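Trainee: Count along the sequence shown from 1, add 57, and you get the number used in this note's numbering. Don't be surprised by glycine CBs; every beta carbon is placed ideally from N, CA and C. All values derive from a computational prediction rather than experimental measurement. Here you go, one structure.
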Amino acid sequence: MVGMVVGLGGGFGVEMMVDLGGSFGDKNGGNGGGFGSWSSVLESQSENDLQPKMLSLWQDTIIGVGQMFERVEDFRASLQKYAIAHHMAYTFVKNEPSRVTTKCKAAECKWRIHACQVQNTDVLRIKIFNNSHSCDPRLHQYMHPQASKKLIASLVEDKLKDTPRYRAREIINDIIGTNPGSHAVWETFENDRFKSLFILFYAQIVGFKNGCRPLLLIDGMFGKEHYKIVIGEVEGLTIISDRHKGLLDTVSEVFPNFYHAICVHHLIANLMNSLSGKVRKETKKIIKNPVYASANSLRVEEFDKNMNKIKKISLDAFVWLKDSEPYRWAEIYARGCRFGHLTTNVA
Ligand SMILES: [Zn+2]
58 MVGMVVGLGG GFGVEMMVDL GGSFGDKNGG NGGGFGSWSS VLESQSENDL QPKMLSLWQD
118 TIIGVGQMFE RVEDFRASLQ KYAIAHHMAY TFVKNEPSRV TTKCKAAECK WRIHACQVQN
178 TDVLRIKIFN NSHSCDPRLH QYMHPQASKK LIASLVEDKL KDTPRYRARE IINDIIGTNP
238 GSHAVWETFE NDRFKSLFIL FYAQIVGFKN GCRPLLLIDG MFGKEHYKIV IGEVEGLTII
298 SDRHKGLLDT VSEVFPNFYH AICVHHLIAN LMNSLSGKVR KETKKIIKNP VYASANSLRV
358 EEFDKNMNKI KKISLDAFVW LKDSEPYRWA EIYARGCRFG HLTTNVA
């Protein structure tokens, strides 16, 4: 599903592109999806559409003492949404099926909520709710630390259940409406069927341009125009990807001076293919560790030692790796900076 991932080096992994190929109904994303081309929604948004509707709906998911929830999971979900709507963070003091106590994350703050099970039922009832913060509210102002991947996934899941024919055009409208400045377009096949959707949120664009190391982790291949639109010129750019020839040609056109590193997972997968029919299954398995160790080696002697281990296990594997441009996958010979990333996995 995820087509492209931008690795931001310092732990700010951002999923940049989502390929939803064929997942939404049997036709293209709505009118305007041209033949074999990318389309975007250019309608202007009214001011009202730009309001964060979801957040305002979540402001009252927690009301007060006596409020009941069918199950403990419902209480936790409501609390999470409430915290996001109020720009606050909390920690669990107790988190059990029969009782949940949370407090504001700020150390001295008195904000607190406690709910426990109604006897002989799964129902949870709020018993204590101190809704005033003694911490500095400016600490919370712009943050949504409680917006977890799990919550976001559940929102998307709910949306798809409610709207199984949610069209690319509607998705893009929703994204641009709630995240002005984002880049979102969809692509169709030549027969006008929906192919893929490219989404880059405004926050990701700003984050990459202003706070990130020049490192792109690419998995898959998409229209080159988006790289240019979204990223622009990047000095000293390193790209880690599989060895996809088309992808490299595409990226080379946009970033002529980038350093291309190969994802070690992909390297090993290709190595395993090349060994098919030449070595036993067990042998293939034991080669993987020294390959990772070679890629990770920070000294030449260490690299040589690991490569010699591979040589003893399989000469074919050793020769294949030597011929596979070690400067693209081995840290010790790298010509750019991968900031410790050996693969395209950031999640
Ligand atoms: Zn507080």
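For the segment 314-363, list the beta strand (DSSP E) runs that are entirely contained and at least 3 residues long, ordered along the chain.
Mentor: 316-319, all fully within the segment 314-363.
Trainee: Give me, in chain order, the residues of the same chain whose beta-carbon lies closer than 6 Å to that of Arg-385; leave out the 5 immediate sequence neighbours on both sides.
Mentor: Ala-318, Ile-319.
Trainee: So for Ala-241, helix, strand or coil by DSSP?
Mentor: It is a strand residue.
Trainee: Which residue's Cα is closest to the Cα of Leu-399: Lys-366, Ala-374, Leu-274, Phe-360?
Mentor: The residue with the shortest Cα to Cα distance from Leu-399 is Leu-274.
Trainee: How many angstroms separate the CA atom of Leu-196 from the CA atom of His-144?
Mentor: Roughly 9 Å between the two C-alpha positions.
Trainee: What does a CB cutoff of less than 8 Å around Arg-395 pick up in its chain, not counting 5 residues either side in sequence?
Mentor: Cβ neighbours of Arg-395 beyond the five flanking positions: Leu-272, Thr-295, Ile-297, Ala-318, Glu-388.
Trainee: For a test of the three-state rule: what should DSSP assign to Gly-68, helix, strand or coil?
Mentor: The predicted model places Gly-68 with a pLDDT of 28, which falls under 50 and marks its position as unreliable; any figure quoted below should be read in that light. In this structure, Gly-68 counts as coil in the three-state DSSP scheme.
Trainee: Give me the Cβ distance between Ile-367 and Phe-360, rounded to the nearest whole Å; I'm assuming they're in contact under 8 Å.
Mentor: No, Ile-367 and Phe-360 are not in contact; Cβ-Cβ is about 11 Å, not under 8 Å.
Trainee: Output the residue ranges of the beta strand (DSSP E) runs that lie fully inside the segment 213-259 and measure 3 residues or longer, sorted by chain position.
Mentor: Whole beta strand (DSSP E) segments, 3+ residues: 240-245, 251-257.
Trainee: Quick one: residues with CB closer than 5 Å to any heavy atom of ligand 3, in chain order, please.
Mentor: Summarising the ligand content, the structure contains ligand 1 and does not contain ligand 3.
Trainee: Using C-beta distances below 8 Å, list every residue in its chain close to Ala-241, excluding the 5 sequence neighbours before and after it, in chain order.
Mentor: Closer than 8 Å at the Cβ level, and outside the excluded window around Ala-241, lie Ser-97, Val-98, Ile-228, Ile-229, Ile-232, Ile-233, Leu-254, Phe-255, Ile-256, Leu-257.
Trainee: So, under 8 Å CB-CB, Trp-168 and Ser-189 are touching, yes? Tell me the CB distance rounded to an integer number of Å.
Mentor: That belief holds up - the Cβ atoms of Trp-168 and Ser-189 are roughly 7 Å apart, short of 8 Å.
Trainee: Determine the extent of the beta strand (DSSP E) in which Phe-149 is found, giving its start and end residues.
Mentor: Phe-149 -> beta strand (DSSP E) spans 147-152.
Trainee: Looking only at C-alpha atoms, which of Trp-243, Lys-252, Ile-262, Ala-225 sits nearest to Asn-236?
Mentor: Ranking Trp-243, Lys-252, Ile-262, Ala-225 by Cα distance to Asn-236 puts Ile-262 first.
Trainee: Alpha helix (DSSP H) containing Gln-137: first to last residue?
Mentor: Unbroken alpha helix (DSSP H) run through Gln-137: 129-142.
Trainee: Between the Cα of Arg-226 and the Cα atoms of Lys-252, Ile-141, Ala-204, which residue gives the shortest distance?
Mentor: Out of Lys-252, Ile-141, Ala-204, Lys-252 has the C-alpha closest to the C-alpha of Arg-226.
Trainee: Per the DSSP calculation, Asn-187 is bridged to which residue(s)?
Mentor: Paired residues: Arg-169.
Trainee: Taking the straight line between their C-alpha atoms, what separation do you get for Gly-393 and His-322?
Mentor: Computed Cα separation, rounded: 19 Å.
Trainee: Compute the distance between the beta-carbons of Cys-192 and Cys-173, then report whether it is under 8 Å.
Mentor: Their beta carbons are not under 8 Å apart, which means Cys-192 does not touch Cys-173 by this criterion.
Trainee: Give me the residue from Val-336, Glu-127, Asn-248 with the minimum Cα distance to Asn-177.
Mentor: Looking at the Cα atoms, Glu-127 is the closest of the given residues.
Trainee: Candidates Tyr-139, Ile-141, His-171: which alpha carbon is nearest Met-149's?
Mentor: The sequence given here places Phe at residue 149; Met does not occur at that position. Minimum Cα distance to Phe-149 is reached at His-171.
Trainee: What does the alpha-carbon distance come out to for the pair Arg-224 and Ile-183?
Mentor: About 40 Å.
Trainee: Taking the C-alpha atoms as reference points, what is the distance between Phe-186 and Ile-141?
Mentor: Cα to Cα, Phe-186 sits roughly 17 Å from Ile-141.
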